[in-house]
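All remarks here apply to the structure that follows.
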């Protein structure tokens, strides 16, 4: 039988005393958490361990004794430390003795109840107690082929075994709160024995965050109640809010802020990481928005943008006029139905003239509108991008109208969520057949207009879709987890690896346990934040089917909805 002893890398400096930790019989492993220095009173040690077990729910006990070659206590402690096995009974009593030549090389002796056994194989595994306590081990589900199923099961069991080790160290954080400056009758050696790791700034922020979160939570609740009021949820307004990307993004951020400012403490690691990722994502988003504001309001860029907007809109309208005049002739040498071509062309030209009048009517107010819209970037870059998407939708309203005119032709039943069909008698079918024949000959002209304006509409949809993809990317990226992976890679652990630390003939094998950080791809997959999915998730086949059947395409439309 091989016994694994996990020994903290900070404890070789400890004076002689007792090994405190947890014995895991299922794994034949002992996790050493601390060393209690000699002298000590056994009764006080037992009482302290009882308190630790009640608080941490971990079966912490005395695993054995530790003899240091440079201990300041009495030199002849070996017999005394061995006799302690009768005071602190345990199935296996470990006696570790430090070598004089190398403080990282230990000799060992195992004492079982009622007998002495020196023949058991022992592997001493040195681990960084601080990193193990601060890390979270992720059990990765390894998908293997049929012939590698057994290997996948073994890897999961391997990760589960070490999860117990990590969990033991993390739950015993209370044990590491006592340092050498505390006036206690028991002195320890562990990773914080030289002084507790803390930051005055962090502690002040923690104290100040509680009242700030309470105030912000009340304010956000008030804003949320106003947004959900009946006056703002009548049908036209509710329909408008649901179709504007800006309103959807603001509602999304409002939910994020309510989660962040909640005074309820995170119950587990996943909740804490979600809150932290939301908080960092919000800060980065606002920071990028402020940078955008500082850029827009320098060198009168708002005025330059407003001056360029009207000429661009006029140029687009002029190009559309030329396109319609081309379609009203003989486009690409195709022979069209002249009467229908004339009617459709004049109809669309009239809309373009209305659009040009609308743009010139709004031109005196465009700079002021852009000035106030630019200020909205203080709410975040995602809000600014959503406003840009809505502005593009307004500026291309005429293209959207052309596309709808060319695509409509079916009667959609809103209540039954289907296209209605009708039954006809013989006379109606005869007349319908004649009309269908006429419409069949008119189909190439109508189809050409539909094709041209569908392509124009697709250009607008692609631009809006790219903007929504960028907004979705900013909303969902787990920036806090990625920052941890970059600065403290051990905090998000995918597993462990071992390398030979010391190998001396006649002595137990010494291994060094190192933490494998979680890959960046797994971090994004595991901690990715949920989004409102403002862009379509249809496949290319479904998209082509919609184009062929004349169904309307929206970048913000959900797949389960149908526009009436």
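Residue numbers (the numbering used here): 33 to 596.
Cβ atoms here follow ideal geometry from the backbone N, Cα and C, with glycine treated the same way.
Note that the structure is predicted; figures quoted are calculated from it, not measured.
Check, Outcome
"First and last residue of the uninterrupted alpha helix (DSSP H) at residue 387", "370 to 407"
"Residue range of the unbroken beta strand (DSSP E) whose run includes residue 129", "124 to 130"
"Three-state secondary structure (DSSP) of residue 562", "coil"
"CA-to-CA distance, residue 291 to residue 261, given in whole angstroms", "21 Å"
"CB contact flag (residue 249, residue 198, <8 Å)", "no"
"Proximity to residue 358 [Cα-Cα], best of 98, 339, 380, 59", "380"
"Same chain only: Cβ atoms within 7 Å of residue 521, ignoring 5 sequence neighbours per side", "549"
"For residue 640, the first and last residue of its enclosing beta strand (DSSP E)", "Residue 640 cannot be examined here, being either before or after the span of the chain that is shown, 33 to 596."
"According to DSSP, residues forming a beta bridge with residue 548", "527"
"Span separating the alpha-carbon of residue 106 from that of residue 132", "For residue 106, the predicted model reports a pLDDT of 47, less than 50, meaning its position is unreliable; a value from the coordinates is still stated below. Each residue's Cα considered, the two are about 16 Å apart."
"Proximity below 8 Å, CB of residue 44 to CB of residue 130", "yes"
"Residues sharing a beta bridge with residue 153, DSSP", "34"
"Enclosing alpha helix (DSSP H) for residue 239 [first to last residue]", "232 to 259"
"Inter-residue spacing [alpha-carbon to alpha-carbon] between residue 402 and residue 88", "58 Å"
"Close-in-space but distant-in-sequence residues of the same chain around residue 322 (CB under 8 Å, 5 per side omitted)", "409, 410"
"Cutoff 8 Å; reference residue 431; Cβ partners in own chain excluding five residues on either side", "352, 485, 488, 489, 492"
"Any 3 or more C-beta pairs closer than 8 Å across the segment 294 to 308 and the segment 497 to 504", "no"
"Given residue 277 as reference, the closest of 414, 164, 535 once Cα atoms are compared", "414"
"CB of residue 155 within 8 Å of CB of residue 543, strictly", "yes"
"Sheet register partners of residue 221 (DSSP bridge)", "67"
"Among 286, 407, 310, 478, the one whose alpha carbon lies nearest that of residue 366", "478"
"Pick from 398, 310, 326, 377 that is closest to residue 343, judged by C-alpha positions", "398"
"Cβ-based neighbour list, residue 193, same chain, cut-off 6 Å, excluding 5 preceding and 5 following", "59"
"When 127, 68, 161, 49 are compared against residue 40, the one with the closest alpha-carbon", "161"
"Helix, strand or coil at residue 141 according to DSSP, with G and I counted as helix", "strand"
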